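I have placed the structure first, in the form of structure tokens, so that the comments after it can refer back to it.
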Amino acid sequence: MLAPLRVVPGVGRQLRAADALSGAGIEGADVGLTMLSDLTERLDRSLPAGTGRIELVGEVRALLEDSQSELDQLELGPDGPLVPPLADARLRAERGLEDLDEFLQRAERISYAIESLLDDGDYLVLAANNAEMRAGSGMFLNAGMLEAANGVIDVGDLRSTSELTLPGSAVDAGSPTYDDLWGFLEPTVEWRNLAASPRFDVTAELATRMWESQGNPRPQGVLAIDPFAVEAILAVTGPVDVGDRTIDADEVVDFLLNEQYDILGDLDSYEEYLESQETRGEVLSELVEASIAALSDGSVDPVELLEGLRDAVRGRHILAWSADDQVQAGWEAAEMAGELDVDSIMVSLLNRGVNKLDPFIDVEVEIDFQVSGDGDLRGVMDVAVANEVPDGEVPYVAGPVLEAENVEAYGDYAGILSVALPGVARDARIEGRSSLEVAQPDGPFLTLATKFSVAQGAEQQFRITFDLVGDPETVRIEPDARPEPVEWRVGDDRWDDGHHHRVEVDP
Numbered sequence: 026m027l028a029p030l031r032v033v034p035g036v037g038r039q040l041r042a043a044d045a046l047s048g049a050g051i052e053g054a055d056v057g058l059t060m061l062s063d064l065t066e067r068l069d070r071s072l073p074a075g076t077g078r079i080e081l082v083g084e085v086r087a088l089l090e091d092s093q094s095e096l097d098q099l100e101l102g103p104d105g106p107l108v109p110p111l112a113d114a115r116l117r118a119e120r121g122l123e124d125l126d127e128f129l130q131r132a133e134r135i136s137y138a139i140e141s142l143l144d145d146g147d148y149l150v151l152a153a154n155n156a157e158m159r160a161g162s163g164m165f166l167n168a169g170m171l172e173a174a175n176g177v178i179d180v181g182d183l184r185s186t187s188e189l190t191l192p193g194s195a196v197d198a199g200s201p202t203y204d205d206l207w208g209f210l211e212p213t214v215e216w217r218n219l220a221a222s223p224r225f226d227v228t229a230e231l232a233t234r235m236w237e238s239q240g241n242p243r244p245q246g247v248l249a250i251d252p253f254a255v256e257a258i259l260a261v262t263g264p265v266d267v268g269d270r271t272i273d274a275d276e277v278v279d280f281l282l283n284e285q286y287d288i289l290g291d292l293d294s295y296e297e298y299l300e301s302q303e304t305r306g307e308v309l310s311e312l313v314e315a316s317i318a319a320l321s322d323g324s325v326d327p328v329e330l331l332e333g334l335r336d337a338v339r340g341r342h343i344l345a346w347s348a349d350d351q352v353q354a355g356w357e358a359a360e361m362a363g364e365l366d367v368d369s370i371m372v373s374l375l376n377r378g379v380n381k382l383d384p385f386i387d388v389e390v391e392i393d394f395q396v397s398g399d400g401d402l403r404g405v406m407d408v409a410v411a412n413e414v415p416d417g418e419v420p421y422v423a424g425p426v427l428e429a430e431n432v433e434a435y436g437d438y439a440g441i442l443s444v445a446l447p448g449v450a451r452d453a454r455i456e457g458r459s460s461l462e463v464a465q466p467d468g469p470f471l472t473l474a475t476k477f478s479v480a481q482g483a484e485q486q487f488r489i490t491f492d493l494v495g496d497p498e499t500v501r502i503e504p505d506a507r508p509e510p511v512e513w514r515v516g517d518d519r520w521d522d523g524h525h526h527r528v529e530v531d532p
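Each residue of the sequence shown is one higher than the last, beginning at 26 in my numbering.
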């Protein structure tokens with residue numbers, strides 16, 4: 026009945042737009058439903074073994090590519106001038122298609138990275154323990170090679186990084202991040218200080234050169250995993266046997282962060298400490314090796330696995346880097362690359378007390394955004410660090426360990442407060458600290474760092490102030506992978522940093 030009106034100027038455009046939007050909505054919904062149905066069919070079964078895994082990832086990527094091709098052909102009709110309801114509908118449709126297109130592209134990049142890893146992966150594995158923290162991850166206590174071919178993953182023996190200490194001139198840092206900012210921790214010598222910066226892309230590349238300098242072939246990439254990643258894997262694969270003990274997902278984190286140290290008892294000499302450190306390192310490496318072997322050999326539900334690993338990835342408990350740009354794009358799309366953006370904020374504590382106290386250290390951060398007297402946007406960040414270590418922990422956990430610096434009494438926590446601020450931050454300072462260990466840019470963001478200590482049962486407070494140039498609308502609060510997540514508050518918004526969180530900068 027309305028067909029004759031299509032030729033009427035103005036009115037016809039509205040009808041053609043409505044017709045095109047309706048058709049695009051139907052076709053887009055059909056594409057989406059078909060894609061979901063096909064994905065469900067492929068993933069609603071146990072993860073195949075060997076080359077079947079590579080074939081499954083290839084099928085998923087082909088499905089994503091076909092869906093994107095179909096969506097690219099959708100027509101939304103004329104774009105204006107349109108009456109307000111149609112203009113709004115068209116804008117929503119454009120944004121929806123853009124979001125879906127971005128999702129499909131990300132998924133394709135991720136699938137390529139996974140397929141590449143399974144087909145011909147050659148990665149250095151760094152096993153971290155969050156009982157002793159660095160920035161954005163636990164301390165790297167074990168290292169070894171993961172090799173994959175035809176869908177089968179094999180992890181060799183992981184060596185204690187205490188055995189891998191390098192001569193001071195063996196490797197050039199190759200980056201201002203480690204030369205200028207963190208040189209005082211000797212990260213090119215001491216593997217356990219590698220994660221002084223949260224920039225895993227820089228850390229991982231340096232790790233490959235350190236590994237190569239010791240006569241090993243240079244890896245294609247680096248994977249970092251910690252007890253929370255092991256927990257996610259065991260939740261899907263079931264328990265594993267380590268020595269004379271069977272460990273499941275419900276107990277593995279507590280075991281690795283604290284319980285395993287109870288068997289060490291008291292330490293009468295520093296040599297005993299070093300020996301016990303090797304013993305403990307062996308337990309961590311055996312659990313990492315066993316969990317990956319179970320993942321490779323067992324019958325795994327792929328949906329369950331992805332859901333479990335998702336939270337571990339979001340919390341920086343699994344990090345990945347590749348020297349191949351296309352594979353690296355996949356790890357970035359999966360948010361596994363450990364990179365910080367120009368608008369990122371992260372609060373980290375680096376343990377320097379030769380103890381395992383981080384599970385007992387609570388960190389709370391509150392940020393208030395204000396307008397300064399000069400009209401600039403100013404951030405005021407209050408950080409509270411509370412030491413809640415109980416009585417009765419063994420010296421290996423709570424110290425003091427003989428010959429350890431900075432720790433005089435049981436439960437003393439000696440650390441470095443490291444704060445990453447947006448790259449547009451200016452006049453940043455930690456109040457009351459006239460001399461800082463670090464106060465300069467680290468790639469896209471600015472880092473402030475200061476040494477501190479806090480006794481058992483005490484609390485240390487810091488105030489960080491900074492101006493934000495250019496009036497950004499939002500900032501992104503990054504997770505730090507702490508065993509007890511950092512508690513954040515911005516206005517009425519409260520959360521813990523088990524995942525990144527974007528907040529509005531609203532004075």
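Just so you know, even glycine gets a beta-carbon here, dropped at the ideal spot from N, CA and C. The structure presented is a predicted model; accordingly, all values stated were derived computationally and were not measured.
When C-alpha distances from residue 190 are compared across 217, 265, 386, the shortest belongs to 217. The shortest CA-to-CA distance from residue 238 to any of 364, 123, 196, 488 is the one to 196. Residues of the same chain with a CB within less than 6 Å of the CB of residue 85, apart from the 5 flanking positions on each side, are 136 in chain order. Here DSSP, grouped into helix, strand and coil, assigns residue 187 to helix. Of the candidates 267, 82, 214, 90, 90 places its Cα closest to the Cα of residue 60. In this structure, residue 204 lies away from residue 261, with their beta-carbon atoms at least 8 Å apart.
A distance of 8 Å or more separates the beta carbons of residue 355 and residue 341. Contact between residue 449 and residue 400 does not hold, since the beta-carbon distance rounds to 15 Å and is not under 8 Å. Rounded to the nearest whole angstrom, the CA to CA distance from residue 171 to residue 250 is 12 Å. If you draw a straight line from the Cα of residue 394 to the Cα of residue 188, it comes to about 47 Å.
Secondary structure note for residue 519: its beta strand (DSSP E) is the uninterrupted segment 518-521. In the same chain as residue 367, and ignoring 5 residues on each side of it, the C-beta atoms closer than 8 Å to its own belong to 447, 448, 449, 469, 470, in chain order. Taken through DSSP and simplified to helix, strand or coil, residue 236 comes out as helix. DSSP lists 390, 520 as the beta-bridge partner residues of residue 513. With 16 or more other Cβ atoms from the protein chains shown falling within 10 Å of its own Cβ, residue 167 counts as buried. Exposed is the label assigned to residue 209, since fewer than 16 other Cβ atoms lie within 10 Å of its Cβ.
The C-beta of residue 233 has 16 or more other C-beta atoms within 10 Å across all chains shown, which makes the residue buried. Distance check between residue 412 and each of 484, 434, 352, 357 places 484 closest, using alpha-carbon atoms only.
Contact between residue 489 and residue 408 is confirmed by a C-beta separation of about 7 Å, below the 8 Å threshold.
In the three-state reduction of the DSSP assignment, residue 245 falls in the coil class, being assigned neither a helical nor a strand state. Contact annotation: residue 131 and residue 358 have beta-carbon atoms nearer than 8 Å. Selection 174, 529, 525, 505 evaluated against residue 497 yields 529 as nearest (Cα-Cα). Boundaries of the alpha helix (DSSP H) around residue 279: 274-282. The straight-line gap separating the alpha-carbon atoms of residue 253 and residue 344 is approximately 12 Å. Fully contained in the region 312-389 are the following beta strand (DSSP E) runs of length 3 or more, in chain order: 343-347, 369-376.
DSSP, read as helix, strand or coil, puts residue 154 in strand.
Per DSSP, the beta bridge partners of residue 178 are 173.
Taking residue 281 as reference, the option from 384, 65, 64 with the minimal CA-CA separation is 384. According to DSSP, residue pairing for residue 60 in a beta bridge does not occur. The C-beta of residue 321 has 16 or more other C-beta atoms within 10 Å across all chains shown, which makes the residue buried.
Contact annotation, residue 463 with residue 474: C-beta distance approximately 4 Å; criterion of less than 8 Å satisfied. Counting along the chain, residue 420 sits inside the alpha helix (DSSP H) bounded by residues 420-423. In this model, residue 200 and residue 214 are separated by some 15 Å (Cα to Cα).
In its chain, beyond the 5 residues on either side, 392, 528 have a beta carbon closer than 6 Å to the beta carbon of residue 515. Shown here, residue 208 sits in a helix according to DSSP, grouped into three states.
Judged by their CB atoms, residue 442 and residue 477 are nearer to each other than the 8 Å cut-off.
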